[in-house]
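Okay, so here's the structure we're looking at.
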Amino acid sequence: MSGTSLRCRVCERELPLAPVSACPACHGPVDVAYDLTEARLVGGDGAPRSMWRYSDLLPHPPADLDTPGLTPLVAAPRLSEALGIELLLKLEDANPTHSFKDRIAATAVASARAYGFSTVCCASTGNLAEAIAARCAANGLEAVVLCPRGDLPLVPVPAYGARVFGVSGGFDDCRELEQQLESLFPWGFVGGNLHAVAAEGAKTIAYEIFEQLGASLPDAIVSPAASGMLVAKLAQGFAELGELGLWREPPPRLYAAQAGGCPPLASAWADDRPLSRVRPATEVRSLAIGDPVYGELAVGAARVSGGSIVAVPEEEIAARTAFLAELSGVFADSAGGVAVGALLDLVRSGAIAKGDRVVLVVTGSGLKPYGYGVSVTAEEVDFDVDAVLAALGVAPS
Ligand SMILES: [Zn+2]
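Dropping the structure here:
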């Protein structure tokens, strides 16, 4: 069994699983709905070592089930000790293009194939573009990506044979352009007619955490938030574990972290008001989304779970990225620094208590060209051991 239908989030009308961008009756957003009565979380013996092990709960499983997902969940003992908590890191940088967006691309491209599209288009600040370009390359589909022109030198997608357009403006403008193209081309659009199916990939992080913790869940999850999709889909994943009868306790508290220069979710949270669009002014490219599509769902997920949404000042982010690397050996992109900044804030305020078991989602790698929030400084020395000793302040014997 796979995803059986689409359901309108507003009027709850059921639709057949098909490439639609919005509910034909009320124009509300649509989500994939499953018949969970027959579904199993994990396939039987020999289930794929990838997110496709959950194919009962995903739309259109492809023929190639080897990747992405099933990323490591690792202990961070030095960080745990420093913070007085039990911290685990979910290493999404272990995906094929080094970010959690490979999960979105996998569901998007698998569904594009099922629907018979030969071209997939997306708007992206970088990570999604690379993931879509790579997945399309693997499947022999054309990829057309729309990136903010300012981010272009940082986007490695031409290597995958994708068609790349550098758009004047930011991500939100690219998304609007994607919507306009959707009325003109018979393609799959990750922000349009593939959106509901694409987003489903993100919830598999929740299933993996549950499996990797031996059928249990942490007290809290901290993750970066841009469109709000990840937080909303983590909440959905945990809710589905409940519907499957696998988990009866309250789900983990969900904490979302935003960069101080682009905090539409955090501002709405702090002021307890509806979301409003902001103009991004952040160095964290992957979080520079001023008009978050899953914003209301993300705020709701934080509230219902007992979590919150935190903004991290821009000037702290590079130091937090370095702090993570220094105390865990994990070099995250600057979105990871944002998540760590939020974690420190939450521990300081007591929202995350001593002894809590916490999973921090490392959504992308610092090795991405746009990942650096940390300036790399090196000391130059000659090929000479005495020079190294001198630099270390140790006298040669
Ligand atoms: Zn509707």
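At the far end of the sequence shown sits residue 396, using numbering that gives the first Met the number 0, and the numbering has no gaps. Every residue, glycine too, gets a C-beta built ideally from N, C-alpha and C.
message: With three or more C-beta pairs closer than 8 Å as the rule, is the segment 317 to 330 touching the segment 64 to 78?
response: yes
query: In the segment 50 to 113, which residue ranges form an unbroken beta strand (DSSP E) of at least 3 residues, counting only runs that do not cross its ends?
result: 72 to 74 and 85 to 90
- prompt: Helix, strand or coil for G370 per DSSP?
  reply: For the purposes of this step, residue 370 is identified with residue 371 of the sequence shown, where counting begins at 1. Below a pLDDT of 50, predicted positions are generally treated as unreliable, and G370, at 49, falls in that range; the measurement from the model is reported next regardless. Residue state, collapsed to three classes: coil.
query: Whose C-beta lies closer than 6 Å to the C-beta of V375 among residues of the same chain, with five residues either side of it excluded?
result: The residue given as residue 375 occupies position 376 in the sequence shown. Because the pLDDT at V375 is just 48, under 50, the model does not fix this residue reliably, and the point stays unresolved.
Cut-off 7 Å between Cβ atoms - residues of its own chain near A389, not counting five sequence neighbours on either side: Here residue 389 corresponds to residue number 390 of the sequence shown, with the count starting at 1. Cβ within range, chain order: n/a, list empty.
message: Taking the alpha-carbon of A62 as reference, which of L69, A113, A158 and G306 has the nearest alpha-carbon?
response: Working through the sequence shown from its first residue, we reach residue 62 at position 63. The candidate whose alpha carbon is nearest that of A62 is A113.
task: Please write down, chain order preserved, every residue whose beta carbon lies under 5 Å from a heavy atom of ligand 1.
output: C7, V9, C10, R12, C22, A24, C25 and G27
- request: Just the C-alpha distance for A280 and C261, rounded to the nearest angstrom, thanks.
  value: Looking up residue 280 in the sequence shown gives position 281. Looking up residue 261 in the sequence shown gives position 262. In a straight line, the C-alpha of A280 is about 6 Å away from that of C261.
message: I want to know whether the segment 156 to 174 touches the segment 198 to 214 - three or more CB-CB distances under 8 Å.
response: no
field: Beta-carbon separation (whole angstroms), A201 vs L229, contact threshold 8 Å
entry: Taking the sequence shown and counting its residues from 1, one reaches residue 201 at position 202. Taking the sequence shown and counting its residues from 1, one reaches residue 229 at position 230. Sure, about 5 Å apart at Cβ, within 8 Å.
- prompt: Tell me which same chain residues have a C-beta within less than 8 Å of the C-beta of A386, skipping the five on either side of it?
  reply: Within the sequence shown, numbered from 1, the residue matching residue 386 stands at position 387. Counting only Cβ-Cβ distances below 8 Å, and skipping sequence neighbours, we find V380.
task: Answer with buried or exposed for G289, where buried requires no fewer than 16 other C-beta atoms within 10 angstroms of its C-beta.
output: Numbered from 1 along the sequence shown, position 290 holds the residue referred to as residue 289. Buried, because 16 or more other Cβ atoms sit within 10 Å of the Cβ of G289.
- prompt: Would DSSP call L391 helix, strand or coil?
  reply: Within the sequence shown, numbered from 1, the residue matching residue 391 stands at position 392. DSSP places L391 in helix when its eight states are reduced to three.
message: On a Cα-Cα basis, can you pick out the residue from G191, L140, T96 and G305 that is closest to A122?
response: By 1-based counting over the sequence shown, the position of residue 122 is 123. Comparing Cα-Cα distances from A122 to each of G191, L140, T96 and G305, the minimum goes to G191.
query: Out of L86, S79 and F99, which has the shortest C-alpha to C-alpha gap to L69?
result: On the sequence shown, residue 69 is found 70 positions in, with the first residue counted as 1. The candidate whose alpha carbon is nearest that of L69 is F99.
task: Report buried or exposed for E242, applying the criterion of at least 16 other Cβ atoms within 10 angstroms of its Cβ.
output: By 1-based counting over the sequence shown, the position of residue 242 is 243. Exposed, since its Cβ has fewer than 16 Cβ neighbours within 10 Å.
- prompt: Is the Cβ-Cβ distance between R8 and D30 less than 7 Å?
  reply: Taking the sequence shown and counting its residues from 1, one reaches residue 8 at position 9. Taking the sequence shown and counting its residues from 1, one reaches residue 30 at position 31. Yes; because the gap between Cβ atoms is below 7 Å, this pair is in contact.
- prompt: How would you label G354, buried or exposed, when you count the other beta carbons within 10 angstroms and need 16 or more for buried?
  reply: By 1-based counting over the sequence shown, the position of residue 354 is 355. So G354 ends up on the exposed side.
task: Kindly list the residues whose CB is nearer than 8 Å to the CB of R347, restricted to its own chain and excluding five residues on each side of it in sequence; keep chain order.
output: For the purposes of this step, residue 347 is taken as the residue at position 348 of the sequence shown. If we look at R347 and ignore the five residues flanking it on each side, it has no Cβ neighbours.
Residue environment, C25, which counts as buried when at least 16 other CB atoms sit within 10 Å: The residue given as residue 25 occupies position 26 in the sequence shown. Classification of C25: exposed, given that the 10 Å Cβ count is below 16.
field: With 16 other Cβ atoms within 10 Å as the buried cut-off, status of V298
entry: Within the sequence shown, residue 298 is the residue found at index 299, counting from 1. It is buried - the Cβ of V298 has at least 16 other Cβ atoms within 10 Å.
- prompt: Expressed to the nearest angstrom, what Euclidean distance is found between the alpha-carbon atoms of V195 and G392?
  reply: Position 196 of the sequence shown, counted from the first residue, corresponds to residue 195. Position 393 of the sequence shown, counted from the first residue, corresponds to residue 392. Reading the sequence as shown, one finds Ala at residue 195 and not Val. Straight-line Cα distance between these residues: approximately 59 Å.
query: Just to confirm, are L296 and A205 a CB contact at a threshold of 7 Å?
result: As a working note, residue 296 is residue 297 in the sequence shown. As a working note, residue 205 is residue 206 in the sequence shown. Against a cut-off of 7 Å, the Cβ pair of A205 and L296 comes out as no contact.
- request: Could you pull out every unbroken beta strand (DSSP E) segment of at least 3 residues lying fully inside the segment 130 to 213, listed in chain order?
  value: 141 to 147 and 162 to 166
task: Identify whether A256 lies in helix, strand or coil by the three-state DSSP scheme.
output: Within the sequence shown, the letter at position 257 stands for residue 256. Note: A256 maps to strand in three-state DSSP.
Beta-carbon contacts of D344 that lie in its chain and below 6 Å, excluding the five residues immediately before and after: Numbered from 1 along the sequence shown, position 345 holds the residue referred to as residue 344. Within the same chain, D344 has close Cβ partners V309.
- prompt: Where L286 and D34 are concerned, what is the direct C-alpha to C-alpha distance, given to the nearest angstrom?
  reply: As a working mapping, residue 286 is identified with position 287 in the sequence shown. As a working mapping, residue 34 is identified with position 35 in the sequence shown. Each residue's Cα considered, the two are about 34 Å apart.
message: Rounded to whole angstroms, what is the Cα-Cα separation between N94 and R12?
response: Numbered from its first residue, the sequence shown carries residue 94 at position 95. Numbered from its first residue, the sequence shown carries residue 12 at position 13. Near 35 Å, if we compare the C-alpha coordinates of R12 and N94.
- prompt: At which residues does the alpha helix (DSSP H) containing V337 begin and terminate?
  reply: Within the sequence shown, residue 337 is the residue found at index 338, counting from 1. Its alpha helix (DSSP H) spans residues S333 to S348.
- prompt: Secondary structure at E313, three-state DSSP: helix, strand or coil?
  reply: Here residue 313 refers to the residue found at position 314 when the sequence shown is read from its first residue. Correct three-state label for E313: helix.
query: In whole angstroms, what is the alpha-carbon distance linking G306 and A394?
result: Taking the sequence shown and counting its residues from 1, the one referred to as residue 306 is at position 307. Taking the sequence shown and counting its residues from 1, the one referred to as residue 394 is at position 395. Using only the alpha carbons, I get a separation of about 54 Å.
Cβ pair A256, V337 closer than 7 Å: Translated into the one-based positions of the sequence shown, residue 256 becomes position 257. Translated into the one-based positions of the sequence shown, residue 337 becomes position 338. Going by C-beta atoms, A256 is nearer than 7 Å to V337.
- prompt: Of all the options L323, F382 and S333, which has the alpha carbon lying nearest to the alpha carbon of A81?
  reply: Here residue 81 corresponds to residue number 82 of the sequence shown, with the count starting at 1. Nearest option by C-alpha distance: L323.
field: Straight-line Cα distance separating L193 from P15
entry: Numbered from its first residue, the sequence shown carries residue 15 at position 16. Numbered from its first residue, the sequence shown carries residue 193 at position 194. Those two C-alpha atoms are separated by around 14 Å.
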